[in-house]
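Here you go:
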């Protein structure tokens, strides 16, 4: 079977400290409920600089300047041992500054909702011209407004954009009375779109974009008006910005499991022959900026959840080179599985491997929830990636595939330290794809497993848990189809040729 392949991937981060203060849900709720709290008063002093964010080892790993193996041996705590000479540009993408992101918000806005202050607009346009991928959009930066005009919009319910505490722009309501088109939601949705544009630009660099036919956007935001809340389509709006003129697309939502669902769907579309090239991508979640900020500050740490995460992956027809997506080994957490850790791990790990005759130790790396432990441990959630690999190891022991004494070594060799921001869908499985693909191509791995998990109960529609997984492995090379599929015209020609041959034979026999 010629499976589809992972042809390329891209990962990017956007440093958004002022958005953390003004738009992150934790901070917004605290200002509303406890406006004079010490947390609110000390927010600005608890933020990291752009240089500290760029030099943060997990983020350097996310964009490809470090490997997960490098991260495991780096000095901790990572936030106080950042690399002062680190590069914001990486093998997989980049870490974008907040001011350039505001420019990208306006570039991505087609309804004239993003307004920038005149001095800021002029300065950012000059900076934009120097950016390799964004310079071609510099003419989309509109004439800026006076600060008084921006302030007037804020008095009419616009959402402010701030840079180092200074008001530099705003996002307007998209409708006077529709609660789903308020400035608050428009900022969140435009941020998803703009950050998704950034990842896609890195993905398509040096690619023939005319051959990309489908885009699946799998973040956690829902766009639409009061008549169709969540109707979509972020995917197609992103494709429009970057010029994928031959592509269509759709949004796929499933909380944190959505990226892996999207990967399975993309692989299915390619393997079926409907599309030759499918992109899955996701923008970042503004609401989750500073989500665990209070716990970080209590531990005398800076607020670490200060970036929007974004990624893009290209799934293509088998080229005989890139790692294949084993569509015959999909792990499915069904309605009837229940939510116990053992049931979930059995459904997502043990069962799909059994389908293809593999055991748990046969997989080089497992990647489920790759949250950075420095962000989750202070909040009481523990080291999530390590917890996941320990559960997998325990299941391997229980199923007789691993000796109990070998568990510590298994955990060390088959798991990774988390290196993705806590943006819900962003750390869920897909961060391994970039590094995993490179390790397979270099001959270091035979395979890895992407595991997506989702908390469906957050939507208050069900108490069910969700999960899906899939194996990605070394390409064995192209295999010829056992039978060739012929189209209607080819069949017509073959019939005509056969009839002609028959007539010739009959004529020959008559002559004899």
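Residue numbers (the working numbering): 101 to 612.
Backbone N, C-alpha and C fix where the C-beta goes; we use that ideal spot for every residue, glycine too.
- When rounded, the separation of the alpha-carbon atoms in residue 253 and residue 271 is 9 Å.
- About 34 Å separates the beta carbons of residue 223 and residue 318, which is beyond the 8 Å limit, so they are not a contact pair.
- Bridge partners of residue 400 according to DSSP: none are assigned.
- Within the same chain, and ignoring the five residues on either side of residue 244 in sequence, the residues whose Cβ sits closer than 6 Å to its Cβ are 216, 217, 218, 221.
- Residue 275 sits in coil when the DSSP states are folded into three classes, being neither helix nor strand.
- In this structure, the beta-carbon distance from residue 412 to residue 299 falls below 8 Å.
- Remark: C-beta atoms of residue 274 and residue 213 approach each other more closely than 8 Å.
- By alpha-carbon distance to residue 125, the top candidate from 385, 157, 570 is 385.
- By the criterion of a C-beta distance shorter than 7 Å, residue 179 is surrounded in its chain by 156, 401, 402, 404, 474, once the five residues flanking it on both sides are discounted.
- Nearest to residue 297 by alpha-carbon distance, out of 343, 509, 261, is 343.
- Between residue 519 and residue 168, the C-beta spacing is below 8 Å.
- Judged by their CB atoms, residue 420 and residue 575 are nearer to each other than the 8 Å cut-off.
- Within the DSSP secondary-structure output, residue 520 pairs in a beta bridge with 471.
- Just so you know, the alpha carbons of residue 345 and residue 130 end up roughly 44 Å apart.
- Counting C-beta atoms within 10 angstroms of its own C-beta, residue 547 has 16 or more neighbours from the protein chains shown and is therefore classed as buried.
- Counting only residues of its own chain and dropping the five nearest sequence neighbours on each side, residue 229 has a CB closer than 8 Å to the CB of 235, 238.
- Counting the other Cβ atoms within 10 Å of the Cβ of residue 560 gives fewer than 16, which makes it exposed.
- Annotated three-state conformation of residue 115 is strand, per DSSP.
- The beta carbon of residue 409 is closer than 7 Å to those of 113, 384, 520, 521, 523, 526 in its chain, skipping five residues each way along the sequence.
- In the displayed model, residue 230 falls within coil according to three-state DSSP, outside both helix and strand.
- With respect to residue 106, residue 533 sits close: the two C-beta atoms are nearer than 8 Å.
- With respect to the 8 Å criterion, residue 392 and residue 478 are classified as neighbours on the basis of their beta carbons.
- If you keep only unbroken alpha helix (DSSP H) runs of at least 4 residues inside the segment 339-414, you get 358-372, 393-398.
- By the CB criterion at 8 Å, residue 325 and residue 287 fall outside the cutoff.
- Annotation for residue 491: no beta strand (DSSP E) segment contains it, though the alpha helix (DSSP H) segment containing it runs 484-498.
- Excluding five sequence positions before and after residue 265, the CB atoms of its chain that fall closer than 8 Å to its own CB belong to 118, 144, given in chain order.
- Judged by beta-carbon spacing, residue 448 lies within the 8 Å limit of residue 431, meaning their Cβ atoms are closer than that value.
- Around the beta carbon of residue 550, a 10 Å sphere encloses 16 or more other beta carbons of the protein chains shown; the residue is thus reported as buried.
- Here the alpha carbon of residue 450 sits roughly 29 Å from the alpha carbon of residue 111.
- Excluding the 5 residues flanking it on each side, residue 562 has same chain C-beta neighbours closer than 8 Å at 556, in chain order.
- Counted as a single uninterrupted DSSP element, the alpha helix (DSSP H) harbouring residue 286 occupies residues 283-304.
- Counting only the Cα atoms, residue 389 lies some 13 Å from residue 146.
- The residue from 514, 165, 258, 454 with its alpha-carbon nearest to that of residue 285 is 258.
- Residue environment: residue 355 is assigned as buried (16 or more neighbouring CB atoms within 10 Å of its CB, all protein chains considered).
- Look at the beta carbons and you see the segment 486-493 touching the segment 507-518: at least three pairs across the two are nearer than 8 Å.
- Here residue 329 has 280, 322 as same chain residues with Cβ atoms under 7 Å from its own Cβ, once five neighbours each way along the sequence are excluded.
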